[in-house]
Amino acid sequence: MLTAFSAGNGVKLNNIKTLIYVLVCQIILTSSPVIAADITIGQRRQGNDAAKQYAADLQEYARYTHAVSGGFRNGNKVFIKIGNHVFYENVPHGIPHAGVYVVAVSKNRVLLQNFYNTYFAQGASMAMARDIAKLPEGSFVVVAVKDEGTRNFDKAGQKMLNKIGAGTGLLNQEARTSYLCLGIKGLNKGMAIEKVGMDLMEHKGENADEKAGLIFKKIRDANISSESGRHKGLMIDQTEVLYYIPKTFDPLTAEYLFLIHETRNLGVKNALNMISHFERFSNAKNIVLIAPVFSSIYSRKVSQRDFKENGTLKRPDLLKNRYLSEYSFLVNRFNKYRSDTILIETFELFNKNLMERKKFSIYGHFSGGEFLQRFVLFHPELIDTAVGAFIGSYAFPLDNIDYPYGLKMDDLVKTFHREIDTNGLMLQKMEIYKKLDILLDIDFHIIAVENDRWIDKYKKTQRQGKSYEEKANNFYKELQKKDRFLKDAGMRAKAKKVNTMIHIIPGLKSSADIAANEATKLLFITQ
């Protein structure tokens, strides 16, 4: 039996100083072209049809792109750089390297990077067409010819160039011509940035030389099995990831559920226990279970006895391998290990190699719940449903308390090792407000025990409450305050409500088995 509390109508706060401050922050945000580019690309603007949106996205991507195409007589070179990432540079000469070079990205993901020898190989044009056809609508695509690419370029390749907005294309062009195209998958024919001729062709966006801007990473291939049952051995950096495929796995309807274990020295065993709790649920609901192993034999805290008199570690490997300590805080203070980044990379890897989903659900208890709460706070746009049980400490949305227990801006920047400009703290605060607006919308369930026996003994977290129930209720109250603040500042729709709910289990002690059982009643309830 659960008792649930949800948000009611809040009382308006008319804080003029706060409103003016937020408006100033908004002005600063919109005046920064680099940050604005990171935010707007790939998002759908209300009131515009897809064609207008794709055209706007193309111009935004093009600002950060530098691309060169040189035919045999005109430089014989290819260069493709988008944002901070150079995809092709100093490519050797010769027949094996003559043809069409293609790069496709979407937001911060590299979807395609390949070379097609349309000079020498029959079928290369068809292969290029197949690869571009697989790209999702809205992908940014750069096509550049090096040396000679027309000889075996056919109608299939031309059709795909038209699909990214090319009007002229490469079909029937003069041999050894230079050809360059910047387009968007789904863009109307003739709307791409296209350059063709016997001279060296170059496009260099106005922000192409900036160090900041668009940063892309290529998602690697991985052997992720679709066979039912438990699987292990998948490594993300130095973190092992276990996963479970349901017995009647259907990739068309399946969803992802991430399971975050508690802190113990037996990380793999804890992750397997998490999977065991949810196997029957997975089979019934067609859910893929993913459990990163964040704890290890190195998870104990470094103490004074580990240091020499001069302040250096007696065992440097202790610090090097201490990736997994403090994973519930998302970032390790000593070695900069980012457990939240590992989870996101895991999601991207499964998206590429098993099935693609825009969001996932997540469950964690005890210190796994602490990780979950902070992850949901910083990455709410990735979350469908979140269920956290017996959370011992929170990152409260308060800008006067240092992280990991609050969101004091200068401490956040220092903790996550981010470089900022003069207006950086204001911009960071605005980003937090945007995240909070999304967080308040998602289904976030917190499970606690009524009158539980666990008492927090840490002074830094006692102020949040002395028990799981008290901490959960205090966190919820802060969310209600932020809901009213954002609405009064014009940053949140008045009609929205807080979707976070506190569930109290009466008369029972905190237990991983009990928490997992209650979580199954809250996850994927619409399926």
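Count along the sequence shown from 1, then add 1; that gives the number in the working numbering. Think of the CB as a built atom: it goes at the ideal place given N, C-alpha and C, for glycine as much as any other residue.
Item                                                                                                                                          : Value
What would DSSP say about Arg46, mapped onto helix, strand or coil?                                                                           : Residue placement at Arg46 cannot be trusted, given a pLDDT of 41 that sits under 50; the coordinates are not used to answer.
Do you know how far the Cα of Thr119 is from the Cα of Ser588?                                                                                : Past the boundaries of the shown model lies residue 588; the chain is included only from 2 to 528, so the question cannot be answered.
Given that a residue counts as buried once 16 or more other Cβ atoms are within 10 Å of its Cβ, and exposed if not, what is Pro97?            : exposed
Going by DSSP in three states, Ser512 sits in which element: helix, strand or coil?                                                           : coil
Can you give the Cα-Cα distance for Phe476 and Ile225, rounded to whole angstroms?                                                            : 38 Å
Look at the alpha carbon of Cys26 and the alpha carbon of Ile433, and state the distance between them as a whole number of angstroms.         : A caution first: Cys26 carries a pLDDT of 42, below 50, which makes its placement in the model unreliable, though a value can still be read off. Roughly 12 Å separates the two Cα atoms.
Pick helix, strand or coil for Thr416, following the three-state DSSP scheme.                                                                 : helix
Using beta-carbon positions only, say whether Phe80 and His67 come within less than 8 Å of one another.                                       : yes
Buried or exposed: where does Asn91 fall if 16 or more other Cβ atoms within 10 Å of its Cβ makes it buried?                                  : exposed
Flag this pair as yes or no: are the beta carbons of Gly393 and Gly365 separated by less than 8 Å?                                            : no
Considering only the alpha carbon of each residue, which of Ile261, Lys53 and Phe417 lies closest to Ser362?                                  : Ile261
Using a 10 Å radius around the Cβ and a threshold of 16 neighbouring Cβ atoms, would you call Asp514 buried or exposed?                       : exposed
Please classify Tyr245: is it buried, with 16 or more other beta-carbons within 10 angstroms of its beta-carbon, or exposed?                  : buried
On the DSSP letters alone, give me the boundaries of the alpha helix (DSSP H) that Lys488 sits inside.                                        : Tyr469 to Asp489
Kindly identify the DSSP beta-bridge partner or partners of Pro252.                                                                           : Answer is none; Pro252 lacks a bridge partner.
Rounded to whole angstroms, what's the CA-CA distance from Thr41 to Tyr55? Just pull it up for me.                                            : Because Thr41 carries a pLDDT of 39, less than 50, the predicted location of this residue cannot be relied on, and the following value inherits that uncertainty. If you take the alpha carbons of Thr41 and Tyr55, they lie about 12 Å apart.
Give a yes or no on whether the C-beta atoms belonging to Leu533 and Gly187 are separated by under 8 Å.                                       : Residue 533 lies beyond the residue range present for the chain, which begins at 2 and ends at 528; the question has no answer from this structure.
Rounded to the nearest angstrom, what separates Ala520 and Lys196 at their Cα positions?                                                      : 56 Å
Between Asn474 and Ile503, is the Cβ-Cβ spacing less than 8 Å?                                                                                : yes
Looking at Gly100: is its Cβ nearer than 8 Å to the Cβ of Ser179?                                                                             : no
For a test of the three-state rule: what should DSSP assign to Ser70, helix, strand or coil?                                                  : strand
Can the beta-carbon of Phe367 be found closer than 8 Å to that of Glu263?                                                                     : yes
Which stretch, first to last residue, makes up the alpha helix (DSSP H) that contains Asp400?                                                 : Unbroken run through Asp400: none, as it is neither H nor E.
Give a yes or no on contact between the segment 230-246 and the segment 267-276, applying the rule of three or more CB pairs nearer than 8 Å. : yes
Would you mind stating whether Ala516 and His446 have Cβ atoms separated by less than 8 Å?                                                    : no
Check the C-beta distance from Asp400 over to Lys430 and give it rounded, since I have them as a contact under 8 Å.                           : 7 Å
Glu241 to Ile343, Cα distance in whole Å?                                                                                                     : 10 Å
Do Arg375 and Pro405 have their beta-carbon atoms positioned less than 8 Å apart in this structure?                                           : yes
Taking Arg342 as part of the beta strand (DSSP E), name the residues at either end of that continuous run.                                    : This sequence places Thr at residue 342; Arg is not what is there. First-last for Thr342: Ser340 to Asn354, but that is the alpha helix (DSSP H), not the beta strand (DSSP E).
When the Cα atoms are used, what is the spatial distance from Asn153 to Val144?                                                               : 16 Å
Use the C-beta contact count for Tyr338: other C-beta atoms within 10 angstroms, 16 or more gives buried, fewer gives exposed.                : buried
Exposed or buried, which one is Thr347 when buried takes at least 16 other CB atoms within 10 Å?                                              : buried
Out of Leu523, Asn352 and Gly84, which one is the CA nearest neighbour of Arg221?                                                             : Asn352
What first and last residue would you give for the alpha helix (DSSP H) that runs through Ala128?                                             : Ala125 to Lys135
With DSSP collapsed to three states, give me the class of Lys82.                                                                              : strand
Does the ligand SAH have a heavy atom nearer than 7 Å to the CB of Ala105?                                                                    : Summarising the ligand content, the structure contains no ligands, and the ligand SAH is consequently not present.
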